[in-house]
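Structure first, commentary second.
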Amino acid sequence: MFYYLYDLYFNHLDSLRIFSYVTFRALMAGLTSMLVTFWFGHKIIDFLYGLKFRESVRDDGPKSHEIKKGTPTMGGLLIIGSLLISVLLWGNLKNPNVILLSVFSLSFSVLGFADDYMKSVKKIKGGMRARTKFILSILISFIFCILFFIIQERLVKLVRSLFNLLIYFFLLSKDP
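What follows is the structure, given as structure tokens:
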């Protein structure tokens, strides 16, 4: 959002040119994610605790795991939420790679949510089967790779076309 505001309204101001730099936006996105986590983390944990989304621990497990008993699960909601807020605020949403990586992250968080939901709400011991998680992870990754290569191939074709057009332009524009 800030990138577009700069691009639309403030690109003539040299003092705000910093918004066009990827390094600045990446730093600010990291800080934004951290602040969102600090501000909303405790509230989200309390909310999940109130909904009884809690970790269950096996009785035959190690004694050190008993500390986790009653810990709210679905903490990935906080992580993906802060990531998506940062991307929306600081990312260049015209870049297809940004959109693709956001969707990729979101799809894995949906997989994690489904696993935690099965554990916490449906009370299915262990949640989603490991084989199912593995197959779905491979499927999501495969789809991501295909889309990534399609996007990159289109980008390469576009650059080649523009380069060829530029060469023809310079060849035709020369005086005989």
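Each residue of the sequence shown is one higher than the one before, starting from 1 at the first, in UniProt numbering. Note that beta-carbon positions come from the ideal geometry of N, C-alpha and C, so glycine has one too.
Rounded to whole angstroms, the separation of the alpha carbons of F169 and G30 is 43 Å. Where R25 is concerned, the enclosing alpha helix (DSSP H) starts and stops at 22-50. If you compare the alpha carbons of V103, R129, P62 with that of A114, the shortest gap goes to R129. Distance between I151 and P96, taken at the CA atoms: about 7 Å. Under the three-state reduction of DSSP, R131 is assigned to helix.
For I99, the secondary structure class from DSSP, reduced to helix, strand or coil, is helix. When secondary structure is reduced to three states using DSSP, F149 falls in the helix class.
Taking a C-beta distance under 8 Å as the contact criterion, F53 and T73 qualify as a contact pair. In the structure shown, L13 falls within a coil segment according to DSSP collapsed to helix, strand and coil. Exposure of S64 is indicated by the presence of fewer than 16 other C-beta atoms within 10 angstroms of its C-beta. For G81, the uninterrupted alpha helix (DSSP H) segment begins and ends at 76-90. By the Cβ neighbour-count rule, R160 is exposed, with fewer than 16 other Cβ atoms within 10 Å of its own. Short of 7 Å from the beta carbon of N92, and not among the five residues preceding or following it, lie these beta carbons of its own chain, in chain order: Y3, V98. Contact annotation: F144 and L100 have beta-carbon atoms nearer than 8 Å. Cα atoms of I80 and S109: separation of roughly 7 Å, rounded to the nearest angstrom. Annotation for I44: L77, L78 place their beta carbon closer than 7 Å to its own, counting only its chain and skipping 5 residues before and after. Under the 10 Å beta carbon count, D116 is surrounded by 16 or more other beta carbons and is classified as buried. Between L172 and L166, the alpha-carbon positions lie close to 10 Å from each other.
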